[in-house]
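For the sequence shown, full-length UniProt numbering begins at 1 and goes up steadily by one. We put the CB at the ideal spot given by N, CA and C, even for glycine. Being a predicted model, the structure only gives us computed values, none of them experimental. Reading through the structure tokens given below for one structure.
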Amino acid sequence: MNQLHHTSPEAHDHLGLREGGRCSYPTGLDPTGLLSSATSPGQSIDLLGALGLHNNSWAGVTLAPGPQQLRPAYYLQGDYRDLKLPAAAFQQVSDLLRRSPEFTISAWLRQEVGNTGSIVSFAHGLNRYLELQSSGRKNEIRLHYTSRVDSKVYVETFHYRLADNLWHHVAVSVSGSQAELLVDCHPLYKRLLRPGAPDRNFTEPQQLWLGQRNKHYHFKGAMQDVRLIGGPHGYLSLCPSLDSTCPTCGQFSLLQSTVQELTRHLQELSERLVAAEGRISKVEECDCQKSCHVNGTVHADGATWQRGCDLCACVVSTHLTEPVFSLLPLNFHFCLDSQHGEVQCRPVECPELPCKHPVNITGECCQSCLRHCLFYGAFYDHGELVTIKKCVECECHDGSMQCTRIDPETMCPKLTCPPDEQFSVADNCCKFCPDINECQQEGGLEGHHCHQNTRCVNTPGSYTCECLAGYRRVDKFNCAELDECSTGEHNCDINADCINTQGSYHCVCKDGYTGDGYSCQPVCNQSCLNGGICRSPGKCACPNGYTGPSCERDLDECATNAHRCTDASVCVNMIGWYYCKCKEGYQSPVSDNNLGTLCQGTSIV
């Protein structure tokens, strides 16, 4: 399991980039176009929409009213749901994170009081790699991330009470090695992630979960418009009035990389200029010839020709002009100090051949393939050996198969073991000495050294000690019993007891639950109505708007004062829900008045 490290909870003011509401820049840096060109949010992926909840029936998921009128909201309840994004959506999200050094996780949430659950989680098995989580027990928002520096898992904790059963807009922006938390469009925290930026390279078998991590940390409450946004200032899509003129940490990192790259190019150009000046000074001192003379033949400057199995070139202009060089083969070696015509040669390039044993042919520069053989219905390359029966070996020679009988007395290797210990192997002409089976004897030079909880397995010339089932390797010769129950390496249901046994374990469902121990369901003698779920033995978990042992009665939120309508509105009860109606003399600019918060007084003319 990957390790968990806590980073310091103190905010790092020197990374805040704000002093008195204005942007401040490090000494020597100016807010150029390199920093401000990417202030608008980039690509956005709707994670709730990718689940396709509106097209299918999901256990523990129901439609619910939300603060955004044009987008569906969903209420998540119970511990038996499976909100895992499909592979295509996972790949789309992974590609966005991989190419964007800055991203934002944005969501509208209404979390039940006391609930601790994952909002978005990249995980595989017991390991989490990037996860946004809210704890209603400790009033914390947590960002779990895998560091790109050491591949360990760290957690950054923000103290905030999100689980209050009220709608909140939560946005966590990560820019390079800096993270910022905004709630309801208010910037609350800005932290430096240590020891460095999160790893954004996610591949299968990792999975992307929404409202849970595998079968654990179920978020309970309502969700709406959960998004992953690439690029800087991703929260601006829902908080357009916030200041975005300050460059992000990621933009500063991009600027730093750009400056370093420009500095490197400038250094290379300076070095090439110095070298060019040196060559020009030599050219001014010499009388350069314009051709090469080879055995009475004159070759022009830059000409190439073949001599035997070599490819040659006349390189008299190598210290004059570099464009001539680009016309010549790359593997030529140029003598830059020569003041006269000079011939440079290299072997001709030969193509790759499709045969196993190419041969050299007199008068040719490159090797060639000879004819293959058809023998007993199979093709063999020239030089390939095949044994058709004991002590007879055949070789393909340029299309003809030539067979030779092997004399064991003169052609087999000498053996060191006594003749009575030598043995033969099928289809093999030569005899062999027996292998020592170390597993037949314990200790000594010819015995094994496997200890208890292991099994000795003989191999040619050696042996290995295999661990018995339910045991874990300690070293090459020892294995220890694995207590899967205490280490958590078992597959028992959360409502089952794990019982360790020698070399294994088994699972038993707790009282009030039924199943095989690996999957346990609560037992409810009564039926749970109106979307209720049997959460624990004999108890139905009712959705909002219903009550009673079987969720059979409508909950009158208006009569019980369980509503959240403001003073400018009145509560109107419906079967299973309620809504807030603006009082007389008040009206809302939109049909969804957000529990009456948008009801405004009107003047009477």
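Quick one: Cα of residue i to Cα of residue j, how far?
i	j	result
Q206	H124	5 Å
G136	M223	16 Å
D407	H451	46 Å
G196	L47	27 Å
N201	L193	17 Å
Y75	C599	25 Å
K220	E484	30 Å
V359	S400	16 Å
K510	A496	5 Å
D381	C369	9 Å
V474	D82	37 Å
T597	A179	31 Å
P351	C365	11 Å
I45	V155	24 Å
Q69	Y518	42 Å
F477	Q502	20 Å
H186	H144	22 Å
R148	R191	17 Å
Q260	H54	50 Å
C520	Y513	6 Å
G231	R142	22 Å
I388	C394	7 Å
H265	D199	29 Å
Give the DSSP-derived three-state secondary structure of residue i in the structure shown.
i	result
E552	coil
S37	At S37, the pLDDT of 36 sits below 50, so the modelled position is not reliable and the matter cannot be decided from this model.
C292	strand
L236	helix
L48	helix
R137	coil
G363	coil
R279	helix
S106	strand
E384	coil
H272	For the sequence presented, residue 272 should be read as Arg rather than His. Correct three-state label for R272: helix.
T602	coil
H54	coil
R264	helix
E438	helix
S588	coil
E557	coil
T321	Note that T321 has pLDDT 39, beneath the 50 cutoff, so the model's placement of it is unreliable and the number below is only indicative. Residue state, collapsed to three classes: coil.
What span of residues does the beta strand (DSSP E) with residue i cover, start to end?
i	result
F375	C373 to F375
E180	Q178 to V183
residue 609	It is not possible to answer for residue 609, since the shown part of the chain is limited to 1 through 605.
A313	D310 to C314
Q306	T304 to R307
T566	Premise fails: T566 is in no beta strand (DSSP E) and is neither H nor E.
V153	V153 to H159
Q207	Q207 to L210
G515	Y513 to G515
P187	H186 to L192
T297	T297 to A300
Are the CB atoms of residue j and residue i within a distance shorter than 9 Å?
i	j	result
I575	D554	yes
residue 668	C479	Given a span of 1 to 605 for the chain in the structure shown, any question on residue 668 remains unanswerable.
Y586	E557	no
T101	S175	Per the sequence shown, the amino acid found at residue 101 is Pro instead of Thr. Contact: yes.
W58	V226	no
T404	V392	yes
C433	H449	no
Y471	C439	no
I229	S106	yes
A171	L97	no
C292	C314	yes
P67	W209	no
From the DSSP output, which residues share a beta bridge with residue i?
i	result
A469	In DSSP, A469 forms no bridge with anything.
H506	I499
S175	E102 and Q178
N115	Answer by DSSP bridge pairing: none, since N115 is not bridged.
G221	L76 and Q111
C394	V386 and C403
C479	R473
What residue range is occupied by the uninterrupted alpha helix (DSSP H) comprising residue i?
i	result
Q91	A87 to R99
T597	No alpha helix (DSSP H) contains T597, which DSSP labels as neither H nor E.
P522	Careful: P522 lies outside any alpha helix (DSSP H), inside the beta strand (DSSP E) at C520 to P522.
P408	P408 to M411
E484	E484 to T487
Would residue i count as contacting chain D if we go by Cβ distances under 9 Å?
i	result
D164	The structure shown contains no chain D, having only a single protein chain.
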